[in-house]
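Before any comments, here is the structure.
2 protein chains.
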Amino acid sequence: MQFSKSTDYALHSLIHLGNSERCNNVGIKELSAELGVSESYLSKIMSKLRRDGIVRAVPGVNGGYELARPADQITFLDVIQVIEGRQKLFECSNSSSRQHRLLAEEGPALRDPKRPEKNDCLVEKVMYGAEQHLYQYLREQTVQSVLDNAFKRCTHGANKN
Amino acid sequence: MQFSKSTDYALHSLIHLGNSERCNNVGIKELSAELGVSESYLSKIMSKLRRDGIVRAVPGVNGGYELARPADQITFLDVIQVIEGRQKLFECSNSSSRQHRLLAEEGPALRDPKRPEKNDCLVEKVMYGAEQHLYQYLREQTVQSVLDNAFKRCTHGANKN
DNA sequence: ATATTATGGATATCAAAGGTCTTTATTAAC
DNA sequence: GTTAATAAAGACCTTTGATATCCATAATAT
Ligand code: SF4
Ligand code: SF4
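Chains as they are written, first to last, in our numbering: chain A, -17 to 143; chain B, -17 to 143.
Okay, here's the thing in structure tokens:
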């Protein structure tokens, strides 16, 4: 249960793009040098980000990447979901076991009344809650907020001396 | 970014143990049949849980497993950390890159004053926050709470008809 | 003693992450 | 138009980790 290196790279790339908004179109060469990751591999990641509308890309001379929208509208959750995929945090593997009947079909009379037969699983419900808590937090963290904090600390440190 | 099947199995095993507190010592055979998982594999998982003090085990005739402490003191976080390990959700892979200097060493004068040079990384700080949010939620979810909910739903369904 | 049960190690299998290389398509500049 | 620069996409490889099985060993009740 850990985020992949690709997510790491994607986040750092976006932070660099956000910090280079002056001269648009940052090339893969620059990103690669900045992060210390091979151009080949990093370009794969950038392509993913482009397909998902996080960045724009233009090929050719003086081409490169730029953020597709303001940095304060690119959340950590956005990035993580692009790179890691949108699968659920927990996916039941054996819903046909005997266990299942106890936890998800307990009330044999509770079936028809109102709601049909949604996800009544109690374990999944807990895990779904965990997912939502995590996502809610990650939705509030943006590329811009990291840049702001870096800037804030910089000036604050300067003032202090 | 998904919990492993092992975590799934571990949780279901513990739920079953918690539900069978009457007749102590549930054998691996019973657990295996209940979950539909091979005895070999499941026993590995149970061993892990035992080494970490989640369950007790006794070998020999009429041996088996039982919860090592009350079900309301076994949290989802406990189980997840035993099975998935205690690694951090995000671990920086290239803290020697140029990027790093911008984000973690920005204030060149902020070094000595008070705190030495702790984890000043802004990205890790965000991810650590995510981890704490997730963990806090998972700490509140116990094996017992799942059982309670199952029981509650059962009786409620019975009353309704 | 013997049957039963958990433990630990060795090993096999498979999918995914991580990474490289080559070819193609697109653009700017000459 | 030609050319150089650049991103995109696909084929490939390697390493790692999850999943899973089997067997030999230790412990326990009868
Ligand atoms: S109770 Fe939920 S998690 Fe367990 S087997 Fe049924 S659906 Fe899956
Ligand atoms: S800024 Fe943080 S995450 Fe980025 S390279 Fe430095 S330590 Fe790692």
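We put the beta carbon where it would ideally sit given N, CA and C, even for glycine. Predicted model only: the values in this text are computed from it and were never measured.
- Separation of the CB atoms of Leu17 (chain B) and Ala132 (chain A) is rounded to 49 Å, and the pair is thereby denied contact status at 8 Å.
- Relative to ligand 1, the beta carbon of Leu85 (chain A) is positioned inside 7 Å of a heavy atom.
- If you draw a straight line from the Cα of Gly45 (chain B) to the Cα of Val8 (chain B), it is about 7 Å long.
- Residues Leu59 of the same chain have their beta carbon placed closer than 8 Å to that of Tyr117 (chain B), with the five preceding and five following residues left out of the count.
- Residue pairing by DSSP leaves Glu66 (chain B) without any beta bridge partner.
- Here the alpha carbon of Arg83 (chain B) sits roughly 8 Å from the alpha carbon of Ser77 (chain B).
- Counting only Cβ-Cβ distances below 7 Å, Tyr119 (chain A) has contacts in chain B at Gly111, Ala112 and His115, in chain order.
- At a cut-off of 7 Å, the beta-carbon of Asn76 (chain B) counts as near ligand 2: some heavy atom of the ligand is closer than that.
- In the three-state reduction of the DSSP assignment, Gly9 (chain B) falls in the coil class.
- Residue environment for Thr(-11) (chain B): buried (at least 16 other C-beta atoms within 10 angstroms of its C-beta).
- Across the segment 14 to 41 of chain B, CB contacts with chain A closer than 9 Å involve Ala15, Glu16, Leu17, Gly18 and Val19, in sequence order along the chain.
- Contact between Val125 (chain A) and Ala53 (chain A) holds, with the beta-carbon distance rounding to 4 Å and staying under 8 Å.
- Per DSSP, the continuous beta strand (DSSP E) segment holding Val37 (chain A) begins and ends at Val37 to Val40.
- For Gly46 (chain A), the uninterrupted beta strand (DSSP E) run begins and ends at Gly46 to Leu49, by DSSP.
- The CB of Cys74 (chain A) comes closer than 8 Å to the CB of Asp(-10) in chain B, given here in chain order.
- Note on Tyr(-9) (chain B): 16 or more other CB atoms within 10 angstroms of its CB, so buried under the neighbour-count rule.
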